[in-house]
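Q: In our numbering, the protein residues as written are 1 to 367.
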């Protein structure tokens, strides 16, 4: 967070270049053309090198979303693309914001080896690489990093990011469940899943579409009703094989509310490592006996500049559904525009001792 990037002409260029338009050939004049930012040659080489390294790494991962993301990164060098436009480097204004508002959490972080390691690693890859950035944050998360991130992002938005949730594709939730029109109560029953049978978790992921999340092993989904009226909570619990070779359990804390007049569509909000996110979730389909469910989500971490989407197939124990259920699951995925080859199987080996206790007081007999 301490590095200052070179900025376009409107900030650092000589006054005679500001507001002028030039053709790519370098011709000057009043003709219409494209804005060419003023960057010193070494800054342009550094920027290009970082972009090419990012693209090379994304291509090497061998999955569909990272390939798609790599192409957007290249396009973003010519034409701004919101989905990959996250700023992770502080310019002069951002540095002033940091030093004015966040000195205490900054110094606390730099004095903590785990927090400093997290900042250093994020500085190398940036926030645009969501898969790698999320792995780094989850590997080196600490209270000091959370407080610094909360100050820089949520309280003061020093990076001036402003991401929006992807609105397309607009996936319709399932209409019928057990032969009846889907209701809010039935949607909650689907989310609660096997916890209604006194299991510790509601669901366990079999496979998912988003590599930023689905690379983590042993993903338990814990949905439960809180003590407050109409309250519903979601605590995902998953294992992280950290970048320094350790194995730890992590979990998050989401508040869930229903979208009015659209049963099966919910809004999930949570604050994760100092960044608040909002996600729209859709129950695409679920079997009558709750032996499997297909869920779709799209969301954004507004001040981190990150937008994302994904889908998941879940069962009570993380094992594949019976073969005769595959055609219906395939149809559900196709309604969400997802072919099977985009789904990545989650590793569910050695998943004992997961911390599945709800993070909030649970309503008695809620199930």
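Glycine included, each C-beta is placed from N, C-alpha and C at the ideal position.
Using 8 Å as the threshold, is the C-beta distance between residue 254 and residue 238 below it?
A: Not in contact: residue 254 and residue 238 (Cβ atoms no closer than 8 Å).
Q: Looking only at its own chain, which residues have a Cβ that is under 6 Å from the Cβ of residue 144, when we skip the five neighbours before and after it?
A: Result list for residue 144: 108, 109, 112 and 115, in chain order.
Q: Does the distance from the C-beta atom of residue 293 to that of residue 275 stay below 8 Å?
A: Against a cut-off of 8 Å, the Cβ pair of residue 275 and residue 293 comes out as no contact.
Q: Report buried or exposed for residue 228, applying the criterion of at least 16 other Cβ atoms within 10 angstroms of its Cβ.
A: So residue 228 ends up on the exposed side.
Q: Could you compute how far the alpha carbon of residue 37 sits from the alpha carbon of residue 168?
A: Note that residue 37 scores a pLDDT of 43, beneath 50, so its modelled location is shaky; the value from the coordinates is reported in the next line. Rounded to whole angstroms, residue 37 to residue 168 spans 32 Å at the Cα level.
Q: Quick check on this structure: which residue in 259, 161, 286 and 352 has the alpha carbon closest to the alpha carbon of residue 330?
A: Nearest of 259, 161, 286 and 352 to residue 330, Cα basis: 286.
Q: So residue 313 and residue 206 are supposed to be a Cβ contact under 8 Å. How far apart are they, rounded?
A: With 8 Å as the limit, residue 313 and residue 206 qualify as a contact, their Cβ atoms being about 5 Å apart.
Q: Can you round the beta-carbon distance between residue 283 and residue 204 to whole angstroms, since I take them to be within the 8 Å contact cut?
A: About 17 Å; that fails the 8 Å criterion.
Q: What residues in its chain sit with their C-beta under 6 Å from that of residue 134, if we drop five residues either side in the sequence?
A: Taken in chain order, the residues that qualify are 212.
Q: Within its chain, find whatever has a CB closer than 6 Å to the CB of residue 146; leave out the 5 residues flanking it on each side and keep chain order.
A: Correct list, in chain order: 273 and 274.
Q: I need the straight-line Cα distance from residue 241 to residue 122, nearest angstrom please.
A: For residue 241 and residue 122, the distance between alpha carbons rounds to 17 Å.
Q: What does DSSP give as the partner residues of residue 229 in its beta bridges?
A: DSSP, once it has assigned bridges, lists no residue as partnering residue 229.
Q: From the DSSP output, which residues share a beta bridge with residue 168?
A: Paired residue(s): none; residue 168 is not in a bridge.
Q: Helix, strand or coil for residue 282 per DSSP?
A: DSSP places residue 282 in strand when its eight states are reduced to three.
Q: I'd like the list of long-range same chain contacts for residue 309, defined as Cβ closer than 6 Å, with 5 residues on each side in sequence excluded.
A: Same-chain partners within the cutoff: 166 and 298.
Q: Does residue 343 pass the burial test, meaning 16 or more other C-beta atoms within 10 Å, or should it be called exposed?
A: It counts as buried.
Q: Pick out the complete beta strand (DSSP E) segments inside the stretch 146-225, 3 residues or longer, and give them in chain order.
A: 203-208 and 220-225, all fully within the stretch 146-225.
Q: So what does residue 344 bridge to, in DSSP terms?
A: DSSP output for residue 344 lists 208 as bridge partner(s).
Q: Bridge partners for residue 306 per DSSP, in chain order?
A: DSSP, once it has assigned bridges, lists 301 as partnering residue 306.
Q: Taking only three categories from DSSP, how would you classify residue 235?
A: Residue state, collapsed to three classes: strand.
Q: Identify which residue in 311, 248 and 218 has its Cα closest to the Cα of residue 279.
A: Nearest of 311, 248 and 218 to residue 279, Cα basis: 311.
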